[in-house]
Amino acid sequence: MSTSSASTAEPIVSSSLYRGVRAAVVLVLTGVIVAGFLGWIPELKIIEQSARNLYFHVPMWFTLMAATVLSAYHSFRYLQTGDAMRDIRASEAARVGMAFGLLGIVTGMVWARFTWYEGTGKWWNFDPKQSMAAVLLLIYGAYFVLRDGIDDPDKRGRIAAVYNLFAVTTMPFLLYIVPRQMQSLHPGSEGSPAFSQTDLAPAMRWVFYPSVLAFIGLFWLLYTQRVRLARLKTLLRRTPEL
Amino acid sequence: MWIHPVHSVHDLSTRDLSTHPQQEPPADAPADTTGPAFDTTWATTRQAEPSTSRFEETMVSGNKIYVVLAVVLIIWFGLVLLLFRTDRRLSRLEQQVDANESDRSQV
Chain A
1 MSTSSASTAE PIVSSSLYRG VRAAVVLVLT GVIVAGFLGW IPELKIIEQS
51 ARNLYFHVPM WFTLMAATVL SAYHSFRYLQ TGDAMRDIRA SEAARVGMAF
101 GLLGIVTGMV WARFTWYEGT GKWWNFDPKQ SMAAVLLLIY GAYFVLRDGI
151 DDPDKRGRIA AVYNLFAVTT MPFLLYIVPR QMQSLHPGSE GSPAFSQTDL
201 APAMRWVFYP SVLAFIGLFW LLYTQRVRLA RLKTLLRRTP EL
Chain B
1001 MWIHPVHSVH DLSTRDLSTH PQQEPPADAP ADTTGPAFDT TWATTRQAEP
1051 STSRFEETMV SGNKIYVVLA VVLIIWFGLV LLLFRTDRRL SRLEQQVDAN
1101 ESDRSQV
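Top to bottom, those sequences are chains A and B.
All letters in the first sequence, in the order written, are residues 1 to 242 by the working numbering.
All letters in the second sequence, in the order written, are residues 1001 to 1107 by the working numbering.
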């Protein structure tokens, strides 16, 4: 525990960086909400006004991917250093990321139910991306069960970190590769939507890209809050008289 | 490019919910038999004229999409307030705990 006591003494984040990100997130997300409701979108059949969900549903998934990568990075650093703060960062990144993933699943269910499955009453349609996303959430659910099930902090950190590194390798397969091999509501089965000039109307890109960045920023703010809280908890647990 | 197309003007007469309970009922409505004693407003109170301010015109245009936008923005700013308050509490707690920690390590 000698290395961990050194790192828990340091502050979690530079406060000017945190405040800057916080101000940017508040400004950009407010703009995204206003433009998302009032901005021009192309008039398309079936999807109609629900195309605006792009600005809110899709960033949940970008945020989840960013969270799993951040979490895996801290797990990797934990294995290098044995620093308890790295273990805390990895688990909090995964936890907040899963909250965004859950929101992504639920918003996707509502969107599909009243858009492509209007009148069928189908809330779950086994779209490959939907199912694989659910599998990914279960894989990370097992990470929390595993981590919470071990009492010894060093053993817990090591085993959880190794599991987390295996978990993150499934993410690109479950969210990118497998869904693109099959028929799906989601873009991608006909090539890479990232380089497509036709998938997304240019006017919508000006709302969509800032929205992705701002939601990742919002994730980072919530994650930082939770890491700060977990650090305080660790300090207080070590010195019960405080 | 940003302005939502205005689909309809605010038309009270075609809606079921067009009459507020405290407004005058339409002429063809059945007579009110409860009498003035149970009225929710004083008989002498002047009924508010339907407001036609610029603000209200804006809010009800575009099929009332601006009303939804206002609700979502209020919720969003409420969540932002929560974020800021939690940050402040964390900072205060960190100051206390870190001060105690450094006291202990000096002993």
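Note that the Cβ used here is the ideal one computed from N, Cα and C, for glycine as well.
Residue i and residue j: beta carbons closer than 9 angstroms?
i, j, result
"S71 of chain A", "S91 of chain A", "yes"
"M132 of chain A", "M65 of chain A", "no"
"Y140 of chain A", "A112 of chain A", "no"
"F62 of chain A", "F215 of chain A", "yes"
"T234 of chain A", "E1101 of chain B", "no"
"P179 of chain A", "D87 of chain A", "no"
"V34 of chain A", "V212 of chain A", "no"
"F208 of chain A", "L54 of chain A", "yes"
What does the alpha-carbon distance come out to for the pair residue i and residue j?
i, j, result
"V145 of chain A", "R228 of chain A", "22 angstroms"
"E10 of chain A", "A160 of chain A", "24 angstroms"
"L174 of chain A", "Q181 of chain A", "11 angstroms"
"S16 of chain A", "D1087 of chain B", "13 angstroms"
"D148 of chain A", "G1062 of chain B", "51 angstroms"
"V96 of chain A", "P187 of chain A", "26 angstroms"
"T224 of chain A", "Y1066 of chain B", "34 angstroms"
"T81 of chain A", "Q130 of chain A", "37 angstroms"
"V26 of chain A", "L200 of chain A", "25 angstroms"
"P210 of chain A", "F114 of chain A", "26 angstroms"
"S1105 of chain B", "S14 of chain A", "23 angstroms"
"M109 of chain A", "L138 of chain A", "17 angstroms"
"V28 of chain A", "W206 of chain A", "11 angstroms"
For residue i, does the three-state DSSP call read helix, strand or coil?
i, result
"T1086 of chain B", "helix"
"V162 of chain A", "helix"
"E118 of chain A", "coil"
"W1076 of chain B", "helix"
"S4 of chain A", "With a pLDDT of only 46 at S4 of chain A, under 50, the local geometry of the prediction cannot be trusted, and no value is derived from it."
"H57 of chain A", "helix"
"T245 of chain A", "Nothing can be reported for residue 245 of chain A, as the shown portion of chain A is limited to 1 through 242."
"N1063 of chain B", "helix"
"V212 of chain A", "helix"
"E43 of chain A", "coil"
"F219 of chain A", "helix"
"H186 of chain A", "coil"
"S1053 of chain B", "coil"
"G149 of chain A", "coil"
"Y126 of chain A", "Before going on, a small fix: residue 126 of chain A reads as Phe here, not Tyr. It is coil, neither helix nor strand."
Does residue i pass the burial test, meaning 16 or more other C-beta atoms within 10 Å, or should it be called exposed?
i, result
"A230 of chain A", "buried"
"T169 of chain A", "exposed"
"F1055 of chain B", "exposed"
"V106 of chain A", "exposed"
"F219 of chain A", "buried"
"V1068 of chain B", "exposed"
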